[in-house]
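Numbering (full-length UniProt numbering), first residue to last: 1 to 459.
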């Protein structure tokens, strides 16, 4: 066949076959790894205060609810800024958004270095706010990274790995702060160790930001899949505006229901992560290191869940069944965690929280990929952006409600409240219809190419 690849499109000398060419680049793994690293450092900065909330509250002389806002600011800032950030991703591309996310992440970490004094809570909040703005340019990227650089047989796995990077950061955020910052009354000792933590974080994030500026590209020269090539063609033709895409996501019943149910599940994870220190110390006083290690166990096992479910989706394409199954398992795991928290046996809490992490964290890439499938050809950035906006909204609501229920009622009452929310989410998830548009488009283009080649053997 006399043909050549130009600008990602395959042209035949007979001009009969005119379908997008596809190619996978080895560099995609480096891009994915770099994204995982800077996403992870942003997630680390989200949770680094909450897991030592009793120390932070005492050091800065603020209320516990004020300390909780060091976590919730990530959720609050995301909600209004996700729409311009998603528009920027759709119009300016992958590279611009990656540079903004990694650079703001480093800037926030640098600001925090100056905040390790008891009277400088406002400065540490400023640094955390800058990091929360960076998160807007990071959190919705996994499905976009996967679709931009990876083929149809590995896109779900790539998305799961991208989510893994963020969750790894959360895991390290649970583990290191209790090890670095001692739970002592001497505020000078606390200040010195806080500064060590802030300096180390700033050094790592700055190096990663520089690497992103040097190596990240807007997109590969040739698309990795037929669906992605077709999407780029549609995007170049500017067939619909960003506002039209958002309207479709909100007013299509399946995508709207998924936005709500994803928000409930992931918002529950945010609330549990933010309040984990308070929940563990309520039943096991002076076990702050264990609180961090329980959080670590929850996330590490959750990372395994993310990878397992990602591989499962690539092999089976059972998006609806998997989403429903994992949602129900999350509800069951939350019930077990709630029932075992006050038994006085810390090892049981490790086990039940790990099961919760496997299902709750494992759900994250499933939601991203299910949304990408049922909303194609709308950009993955738009769909994941709305999913995350919903998660942040529910995260704030759940954290505030549970933060009030814990002192007013009990930790048990707060967790039962969360179980009720997950039950509603599971019921609604069952009603979501499965319309795998992206898979269908890949198959349609593949079948079309086969038909044209068979029908025109001279080409």
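Using N, Cα and C, we set each Cβ at its ideal position, and we do this for glycine too.
In this structure residue 92 is exposed. Its beta-carbon is surrounded by fewer than 16 other beta-carbon atoms within 10 angstroms.
Within the same chain, and ignoring the five residues on either side of residue 101 in sequence, the residues whose Cβ sits closer than 6 Å to its Cβ are 134, 137, 138. The C-alpha of residue 55 lies about 15 Å from the C-alpha of residue 71. For residue 116, the three-state secondary structure derived from DSSP is coil. With contacts defined by Cβ atoms closer than 8 Å, residue 212 and residue 98 form a contacting pair.
Taking a cut-off of 8 Å for Cβ pairs, the segment 140 to 159 and the segment 276 to 289 do not touch, as fewer than three such pairs fall below it. Counting every other CB atom within 10 Å of its CB across the protein chains shown gives residue 29 a total below 16, marking it as exposed.
It is roughly 24 Å from the alpha-carbon of residue 352 to the alpha-carbon of residue 68.
DSSP, read as helix, strand or coil, puts residue 404 in helix.
According to the DSSP assignment, residue 74 belongs to the alpha helix (DSSP H) that extends over 64 to 92. Rounded to whole angstroms, the Cβ separation of residue 295 and residue 276 is 5 Å, and the two are in contact under 8 Å. Residue 126 and residue 173 have their C-alpha atoms some 19 Å from each other. The beta carbons of residue 198 and residue 112 sit closer together than 8 Å. For residue 343, same chain residues with a beta-carbon under 6 Å away, outside a window of 5 residues either side, do not exist. Per DSSP, the unbroken alpha helix (DSSP H) holding residue 314 starts and ends at 288 to 316. In the structure shown, the three-state DSSP call for residue 360 is helix. Excluding the 5 residues flanking it on each side, residue 333 has same chain C-beta neighbours closer than 8 Å at 352, 355, 356, 358, 359, 360, in chain order. For residue 255, the closest C-alpha among the options 395, 320, 34, 131 is that of 320. Inter-residue distance for residue 87 and residue 200 is about 33 Å (C-alpha atoms, whole angstroms). Taking C-beta atoms as the reference points, residue 383 and residue 391 fail to come closer than 8 Å. Residue 293 and residue 251 have their C-alpha atoms some 42 Å from each other.
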